[in-house]
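Chemist: Once you know that position 349 of the sequence shown is 349 in full-length UniProt numbering, the rest is easy, because the numbers rise by one and skip nothing. All residues carry an ideal CB built from backbone N, CA and C; glycine is no exception. These numbers come from a predicted model, not from an experiment. Structure incoming, see below.
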Amino acid sequence: MNSPLRKILLGTSVFVIATIVAVIGYWMAGWSLLESIYMVTITIYGVGYGEVRPIDDPRLMLFTIGVIVAGCTSAIYVLGGFVQMIAEGEINRVLGARRMTKGIERLTNHVIVCGYGRVGQILARELADASQDFVIVDTNQERLRQAEQQGFLVVLGDATEEFVLESAGVERASVLACVLPDDVKNVFITLTAHDLNPKLEIVARGESPSSRQKLLRSGASRVVLPATIGATKIAQLILRPSAESLLAGDAIEDRFNDELQQIGLNFHEVRIQEDSPLIDTPLSELEVCGATGWLVVAIRRADGSVERSLTSQVGLRADDTVILLGHCNSIPELRQRAERKQVTYRGARL
């Protein structure tokens, strides 16, 4: 079957050619140019006015019949193309909506993403890469069209409305993510979703730190503050650039860092100064010294190379940066020892 656009282009081409040929034909029969154009117009469009001039010549009669057939046929062909374009677009929309509904109805233990802005788009890509079933809910039709083109399941509507969340299968979902940039809407979505499915795990985005408790009281299981996370990350890059670049290279997930912080552990870096008493100290001694001890993860040497496969006998050198895991309150002790210069008195190092 020809596409509607092809039908429209073909019909228009035939119509234009037939009109030009008809005008030339009447003009060559002795009619004026205006008479020729007028005759072609009333003939093709079937207005029903009388002939401009009597048509007594059989050849001119046959020519007029050809003009009527070519003009009307091409016009009908163009009109049919437009009708097909409208009908197919509507049919495809209905069929697409039906396929979308059936696809959502088959989901269980899926994730509902409320909001398809910058955060929502990144979240959707991460879920898709992890082969996690999810449904996107948003009020922006253009953004949902882009999501649909990527093969994502979408629901058009306001997530604060119960019927919209029900359309996304909130009763069968396991997680709901509120990632709208509006704290008030996220609170309403959290309240509505928690009421529809009390067992649902809700991860909510908060723009203001003051909204954290409101979201938790509304039923959110966890609250994420993107601005706070971003600022913390920037501070870590400034204060601990070696540790942060090492972790990024190892692709350690942020939630692992969060879990470590919950038990009082964090990644730190300590630079070994010249004449530090820790120079030539093996890692086996370094990891057990201090009140609580540390775990050395890697050593960035002065030349920029990073050693990760460490043995207990590896020693430290001047200008090394030690990346280690330990309790926050024990790091100042190690940093003080690393930066303290050695003092030699009567051959003994103090």
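Of the choices Val52, Ile20, Leu325 and Tyr45, whose alpha-carbon is the least far from that of Trp31?
Modeler: Checked all of Val52, Ile20, Leu325 and Tyr45; the closest Cα to Trp31 is Val52.
Chemist: Can you give the Cα-Cα distance for Leu10 and Ser3, rounded to whole angstroms?
Modeler: Approximately 11 Å between the Cα atoms of the pair.
Chemist: Leaving out five residues on either side along the sequence, give the residues of the same chain with a beta carbon under 7 Å from the beta carbon of Ala338.
Modeler: Cβ neighbours of Ala338 beyond the five flanking positions: Val270, Arg271, Ile272, Gln273, Ser276 and Leu278.
Chemist: Thinking C-alpha only, which one of Glu333, Ser305 and Glu105 is nearest Arg317?
Modeler: That would be Ser305, whose Cα lies nearest to the Cα of Arg317.
Chemist: Where does Leu295 sit, in a helix, a strand or coil, going by DSSP?
Modeler: Three-state DSSP puts Leu295 in a strand.
Chemist: Leaving aside the five residues before and after Gly169 along the sequence, list all residues of the same chain whose C-beta is less than 6 Å from its C-beta, in chain order.
Modeler: Closer than 6 Å at Cβ, skipping near neighbours: Ile104 and Leu107.
Chemist: Going by DSSP in three states, His110 sits in which element: helix, strand or coil?
Modeler: The answer is coil: DSSP assigns His110 none of H, G, I, E or B.
Chemist: Say whether the segment 208 to 220 touches the segment 175 to 191, bearing in mind that this needs 3 or more beta-carbon pairs closer than 8 Å, one atom from each stretch.
Modeler: Touching, per the Cβ criterion.
Chemist: Count the C-beta pairs between the segment 132 to 150 and the segment 68 to 82 that are closer than 8 Å, then say yes if the count reaches three, no if not.
Modeler: Output reads no: the segment 68 to 82 does not touch the segment 132 to 150.
Chemist: Excluding the 5 residues preceding and the 5 following Val175 in the sequence, name in chain order all residues of the same chain whose CB lies nearer than 6 Å to its CB.
Modeler: Once the five neighbours on either side are set aside, the close Cβ partners of Val175 are Val111 and Glu201.
Chemist: Taking the alpha carbon of Glu148 as the point to measure from, which residue in Thr41, Met100 and Ala29 has its own alpha carbon closest?
Modeler: Here the closest residue by C-alpha is Met100.
Chemist: Could you check if Ile323 is buried or exposed, using at least 16 other CB atoms within 10 Å of its CB as the buried criterion?
Modeler: Under this definition Ile323 is a buried residue.
Chemist: Taking the beta carbon of Arg301 as the centre, do at least 16 other beta carbons fall within 10 Å, making it buried, or is it exposed?
Modeler: With fewer than 16 Cβ atoms within 10 Å of its Cβ, Arg301 is classed as exposed.
Chemist: Give me, in chain order, the residues of the same chain whose beta-carbon lies closer than 8 Å to that of Ile252; leave out the 5 immediate sequence neighbours on both sides.
Modeler: For Ile252, the predicted structure reports a pLDDT of 46, less than 50, and the residue's modelled location is therefore unreliable. A value from the coordinates is still provided. If we look at Ile252 and ignore the five residues flanking it on each side, it has no Cβ neighbours.
Chemist: Let me make sure I understand the geometry here. Which of Val155, Ile20, Lys7 and Val14 has the alpha-carbon closest to that of Arg98?
Modeler: Comparing Cα-Cα distances from Arg98 to each of Val155, Ile20, Lys7 and Val14, the minimum goes to Val155.
Chemist: Going by alpha carbons, who is nearest to Thr321 out of Glu333, Gly120, Leu144 and Val297?
Modeler: Residue Val297 is the option with its Cα nearest to Thr321.
Chemist: By the three-class DSSP mapping on this structure, what secondary structure does residue 383 have?
Modeler: Lying before the first or after the last residue shown, residue 383 is absent from the chain, which here runs from 1 to 350.
Chemist: Let's test the definition: count the other Cβ atoms within 10 Å of the Cβ of Pro332 and tell me whether it reaches 16, buried, or not, exposed.
Modeler: Its Cβ having fewer than 16 others within 10 Å, Pro332 is exposed.
Chemist: Could you say which of Gln313, Asp303 and Asn266 lies nearest to Asp280 if we only look at CA atoms?
Modeler: Here the closest residue by C-alpha is Gln313.
Chemist: Could you round the C-beta distance between Leu325 and Leu283 to whole angstroms and report it? I think they count as a contact, below 8 Å.
Modeler: Not a contact, Cβ separation roughly 13 Å.
Chemist: Can the beta-carbon of Arg212 be found closer than 9 Å to that of Val223?
Modeler: Yes, these two residues count as a Cβ contact at 9 Å.
Chemist: Going by C-alpha distance, which of Val187, Leu196, Asn197 and Met28 is nearest Glu207?
Modeler: Measuring from the Cα of Glu207, the nearest candidate turns out to be Val187.
Chemist: Ignore the nearest five residues each way along the sequence and tell me which others in Gly80's own chain have a CB closer than 7 Å to its CB.
Modeler: Contacts found: Lys7.
Chemist: Taking the C-alpha atoms as reference points, what is the distance between Ala22 and Phe82?
Modeler: Cα to Cα, the separation comes out at about 25 Å.
Chemist: So the candidates are Leu225, Ala177, Ile17 and Val164; which of them puts its Cα closest to the Cα of Leu123?
Modeler: Measuring from the Cα of Leu123, the nearest candidate turns out to be Ala177.
Chemist: Using three-state DSSP, classify Val119 as helix, strand or coil.
Modeler: In this structure, Val119 counts as helix in the three-state DSSP scheme.
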